[in-house]
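Student: To convert, count from 1 in the sequence shown and add 60; that's the working numbering. Built from N, CA and C at the ideal position, the CB exists for glycine as well. Just dropping this structure here.
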Amino acid sequence: MSKLVVLNLGAGNLDNGFPNIIAQLRLKDGKIEQFIGSLPPAPELATLNQQWQTLYYALHQRFDVARRRLFEVEEQGITNISTATFQELCQEIENKFNSWLDSPSFLKIDRKLRTKLDSNEEIQIIIETGDYTLHRFPWHLWHFLEDYQQAEIGLSNLEYSPIKLEKKQRNKPRILTILGHSEGINIKADQALIAQINNAEIVFLVEPKSAEFHEKLWDEKGWDILFFAGHSHTENHQGIIFINPQESLNIKELKTAINKAIKQGLQLAIFNSCDGIGLAEELSKLNLPQIIVMREGVPDLIAQEFLKYFLSALQQNKSVFCSLREARERLQAWDKDFPGGSWLPMICQNPSTIIKSENQINSGFIINNLYESIREKLEINFLGRFKKSKEINDKVDKNDNNKDKLIDTSEDKQEIDSNNEIDNELKTKSQENPNKQNKPNNTNLNIKIATLLIISIATIFAVQIGKAKQEFFLYYYLLAEQTKNYLLNTKTVANFFTIETVNDILNQKPDSSIYDKLAVINAEKGEHKKAWDWYL
61 MSKLVVLNLG AGNLDNGFPN IIAQLRLKDG KIEQFIGSLP PAPELATLNQ
111 QWQTLYYALH QRFDVARRRL FEVEEQGITN ISTATFQELC QEIENKFNSW
161 LDSPSFLKID RKLRTKLDSN EEIQIIIETG DYTLHRFPWH LWHFLEDYQQ
211 AEIGLSNLEY SPIKLEKKQR NKPRILTILG HSEGINIKAD QALIAQINNA
261 EIVFLVEPKS AEFHEKLWDE KGWDILFFAG HSHTENHQGI IFINPQESLN
311 IKELKTAINK AIKQGLQLAI FNSCDGIGLA EELSKLNLPQ IIVMREGVPD
361 LIAQEFLKYF LSALQQNKSV FCSLREARER LQAWDKDFPG GSWLPMICQN
411 PSTIIKSENQ INSGFIINNL YESIREKLEI NFLGRFKKSK EINDKVDKND
461 NNKDKLIDTS EDKQEIDSNN EIDNELKTKS QENPNKQNKP NNTNLNIKIA
511 TLLIISIATI FAVQIGKAKQ EFFLYYYLLA EQTKNYLLNT KTVANFFTIE
561 TVNDILNQKP DSSIYDKLAV INAEKGEHKK AWDWYL
């Protein structure tokens, strides 16, 4: 599990400084270590950031770049702009930003954190501030991240609250994908990338009407992720999305529906569209756990590449934070063609729900992938055996008069030779009663499938219990949930695993002391061998 660092900048701004900074290191056992410091005024950073915005838009307008924004930004009379000038400004911002963070009053926080953190562990750093200029600032330039390759920075408001979730049983993450107004841009690429997500229930709304969008947010099944691609912008700190050529919506207009979606389990909102700072600010006020947006207007190609990199990392069992960092760093390859593009992606995080939301996102994307992986292997190695048995049995039943000839064909002979037990059983049954159909007993089949799943994961868990308790518990938990339906419909249960045991597991939370119970899987008593022998 990752470590969490929360930097509360307190009541301050770049003009007056931040005199009361509190840094909290929140450990996985619930303990908190706290340090204090301050930062001096740095009004030049606000000026540099404004210059960066001006040059960024001027440069991209000169290149005639397709962006996910309907309205153009005035160039403010700048006509002589070059990529080299822009890159020099980027370097100046990085240097002055880090000089500010190296101030003696803040450096002591930096040093204390370094004594407590491991460079190889995942670290989530949340900056809490009410200065919205700093929300737009490229915090990924902090040199601290260079020494911690699995660290990433998110932004938060100063005020937030935990959310009360309605429990929704979902075996797969549910993703609501809104493909909004797409004049001049290609959001079909986004649709194709989202559609490739494994083991997820995905619903697409293409240029929906406002009423349709609201209705889907109220879906009683709930959603894990909300994704939007299309045009958007921020106006007076208010984010606006264009859902179709005639309609636009702001977060205030969606407030009630989004609040309902959050209570029903919405964990993450991704707006792969322009200038999403206003969207992030408004959604943070609703205490949505995680929001990913673009700081400024985003070139269409950069939006597509970001989504590709982000989803690729997420489905490699990386957290949302680590996936965002990897995607941003991979975007640097496009900085020559689209200057500043890698500075755009940012994440906002509700610190009060970070651990819970992270577990739920991972259990959706990661644990389901692990489950599917082992399930596929079991089907190939064992379940396929029953399927093949049924196929051959059907052939014997349908070809009673020619069964000897059929069994001698090269294809079926190879199938039967690979499993002499199946061959002998089918021959015996067909000889005893040629007219009787002999199909596998579905109840017994279900019992055996369930038992095999349990045995497999129990064995893995027993081996790995000292290495990754949390991950394997979640894995085991999911299999228990999947297996319960099998066991509830049968009277025979494996010696070492009962309905009561399943219910015990399902009633526990992932961080519970259930480890001790699972560790005593009775391997030392040979119970797993009894169950295995019973299966065979």
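Do the segment 226-237 and the segment 248-268 touch if we need at least three Cβ pairs shorter than 8 Å?
Tutor: Yes, the segment 226-237 touches the segment 248-268.
Student: Which value, in whole angstroms, describes the spacing of the CA atoms of PHE197 and LYS248?
Tutor: About 30 Å.
Student: What's the C-alpha gap between GLU432 and TRP278?
Tutor: Any reading at GLU432 needs caution, since the residue's pLDDT is 41, under 50, leaving its predicted position unreliable; the model's value is listed next. Each residue's alpha carbon lies about 29 Å from the other.
Student: CA-CA distance, SER179 and VAL353?
Tutor: The alpha-carbon atoms of SER179 and VAL353 are separated by roughly 27 Å.
Student: Can you find the residues in the same chain that come closer than 7 Å, C-beta to C-beta, to SER308, ignoring five residues on each side of it along the sequence?
Tutor: Result list for SER308: ILE300, ILE301 and PHE302, in chain order.
Student: Can you look up ASN80 in the DSSP assignment and give me helix, strand or coil?
Tutor: Strand, per DSSP.
Student: What is the DSSP secondary structure of ASN155, reduced to helix, strand or coil?
Tutor: Looking at ASN155 - three-state DSSP - the assignment turns out to be helix.
Student: Is the separation between the beta-carbon of LEU173 and that of ALA83 shorter than 8 Å?
Tutor: Against a cut-off of 8 Å, the Cβ pair of ALA83 and LEU173 comes out as a contact.
Student: Is the segment 65-84 touching the segment 92-106, taking contact as three or more C-beta pairs under 8 Å?
Tutor: Segments in contact, yes.
Student: Would you identify the three-state DSSP class for VAL353, choosing helix, strand or coil?
Tutor: DSSP places VAL353 in strand when its eight states are reduced to three.
Student: Note down the Cα distance separating GLU188 from LEU87, rounded to an integer number of angstroms.
Tutor: Taking the straight line joining both Cα atoms gives about 18 Å.
Student: Could you tell me the alpha carbon to alpha carbon distance between ALA71 and LYS224, rounded to whole angstroms?
Tutor: Straight-line Cα distance between these residues: approximately 28 Å.
Student: What are the start and end residues of the alpha helix (DSSP H) that includes ASN109?
Tutor: 103-122 is the span of the alpha helix (DSSP H), which, as asked, contains ASN109.
Student: Output needed for LYS368: all residues of its chain with C-beta closer than 6 Å, excluding positions within five of it in sequence on either side, in chain order.
Tutor: Cβ within range, chain order: LEU253.
Student: Which of the three DSSP states, helix, strand or coil, is assigned to ALA321?
Tutor: Here ALA321 sits in helix by DSSP.
Student: Quick check on GLY299: does DSSP put it in helix, strand or coil?
Tutor: Looking at GLY299 - three-state DSSP - the assignment turns out to be strand.
Student: In chain order, what residues of the same chain lie with their CB nearer than 7 Å to the CB of LEU37, ignoring the 5 residues before and after it?
Tutor: This structure cannot speak to residue 37, because the chain is shown only from 61 to 596.
Student: Would you list the residues sitting across from ILE337 in a DSSP beta bridge?
Tutor: Its beta-bridge partners do not exist; DSSP assigns none.
Student: Taking buried to mean at least 16 other C-beta atoms within 10 Å of its own C-beta, is ARG355 buried or exposed?
Tutor: Burial call: buried.
Student: The beta strand (DSSP E) spanning GLN251 covers which residue range?
Tutor: Premise fails: GLN251 lies in the alpha helix (DSSP H), 248-255, not in any beta strand (DSSP E).
Student: Once you ignore the five residues that flank PHE398 on each side, which residues in its own chain have a CB closer than 6 Å to its CB?
Tutor: PRO359 and ILE362, listed in sequence order.
Student: Given the structure, does LEU314 come close to the ligand MG, in the sense that its CB is under 7 Å from one of the ligand's heavy atoms?
Tutor: Absent from the structure shown: the ligand MG. Ligands present: none.
Student: Among LYS276, GLU243, ASN377 and THR193, which residue has its Cα nearest to the Cα of GLY338?
Tutor: GLY338 has its Cα closest to that of THR193, out of LYS276, GLU243, ASN377 and THR193.
Student: Does DSSP classify LYS473 as helix, strand or coil?
Tutor: Low per-residue confidence applies at LYS473: pLDDT is 45, beneath 50, and the placement is therefore not dependable enough to give any value.
Student: For LYS396, which residues from the same chain have a beta carbon less than 8 Å from its beta carbon, with the 5 sequence-adjacent residues on both sides left out?
Tutor: Cβ neighbours of LYS396 beyond the five flanking positions: THR143.
Student: Tell me, which residues are paired with GLY214 by DSSP?
Tutor: Answer is ILE186.
Student: Exposed or buried, which one is GLN364 when buried takes at least 16 other CB atoms within 10 Å?
Tutor: Buried, by the Cβ-count rule.
Student: Alpha carbon to alpha carbon, how far is GLU3 from GLY325?
Tutor: Lying outside 61 to 596, the shown extent of the chain, residue 3 is not represented and no answer is given.
Student: Could you check which residue in ALA317, GLU219, ASN319 and ASP207 has the C-alpha nearest to that of THR175?
Tutor: Per the Cα distances, ASP207.
Student: Sort THR294, CYS150 and LEU205 by Cα distance to SER333 and report the nearest one.
Tutor: Comparing Cα-Cα distances from SER333 to each of THR294, CYS150 and LEU205, the minimum goes to THR294.
Student: To the nearest angstrom, report how far apart ASP284 and ASN319 are at their CA atoms.
Tutor: Cα to Cα, the separation comes out at about 13 Å.
Student: In the DSSP output, what is GLY97 paired with across the bridge?
Tutor: In DSSP, GLY97 forms a bridge with ILE81.
Student: Name the residue from TYR116, ASP191 and ALA118 whose alpha carbon lies nearest to the alpha carbon of ASN73.
Tutor: The shortest C-alpha separation from ASN73 is found at ASP191.
Student: Rounding to the nearest angstrom, what Cα-Cα distance links LEU115 and GLN121 in this structure?
Tutor: Cα to Cα, LEU115 sits roughly 10 Å from GLN121.
Student: Could you please give me the residues that DSSP links to GLU261 through a beta bridge?
Tutor: Answer is ARG234, bridged to GLU261.
Student: Please check the pair PHE331 and SER292, which I expect to be a contact at CB under 8 Å, by giving their CB distance rounded to whole angstroms.
Tutor: So it is a contact: roughly 6 Å between Cβ atoms.
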